[in-house]
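So the sequence shown is numbered by the working numbering: it starts at 39 and just counts up by one. Heads up, the beta-carbon is just placed ideally off N, CA and C, and yes, glycines get one too. Source: prediction; values computed, not measured. First comes the structure, then the notes that go with it.
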Amino acid sequence: RQTTDPVRRRAVRRSLPEASAAMLGVLNALEEARVAGGTAASEAAFTQQCRARSECTSSLKGGDLAGDVGWLRLPEVKVGEKLPKEMVSKLVVIRAALALQVGEVSDIVISEEGVHLLKRSA
């Protein structure tokens, strides 16, 4: 788990339950935006929430790309081969992202890197 927010350059002080509660608030805000304004409003709200809350440097990308972590794919593993530790910790996020339909937002995903909301765009 990272202890410093690379976006705001300050220590991360919230606990896992606090981070999960914050993500529930984001999910509620996204649903409210969808009900009030449809898909376009929900997409704009996702970008806005990403910029406001994310501790990932991808939140600094311009326009609709805020929060875009790029193309994800499962690693190719040969029988008996061990994955590097950093890849194992990312598998939770990759599997959750690939399970989504295009345009769908995930439920809260918890990994060693933190608490995530994912949106599949392609």
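Length of the line joining the Cα atoms of residue i and residue j
i	j	result
Glu142	Lys123	29 Å
Glu70	Gln86	14 Å
Gly161	Ala83	Since the first residue of the chain shown is 39 and the last is 160, residue 161 is not available in this structure.
Arg212	Ser92	Limits of the chain in this structure are 39 at one end and 160 at the other, which puts residue 212 out of reach.
Ala49	Glu56	15 Å
DSSP bridge partner residues for residue i (one or two, in chain order)
i	result
Lys157	Val143
Exposed unless 16 or more other CB atoms sit within 10 angstroms - verdict on residue i
i	result
Gly63	exposed
Glu81	buried
Leu156	buried
Met61	buried
Ser58	exposed
Residue i vs residue j beta-carbon contact at 8 Å
i	j	result
Ser144	Ala134	yes
Val153	Leu54	yes
Arg158	Val140	yes
Fully enclosed by the segment 69-126, which alpha helix (DSSP H) runs are 4 residues long or longer? none
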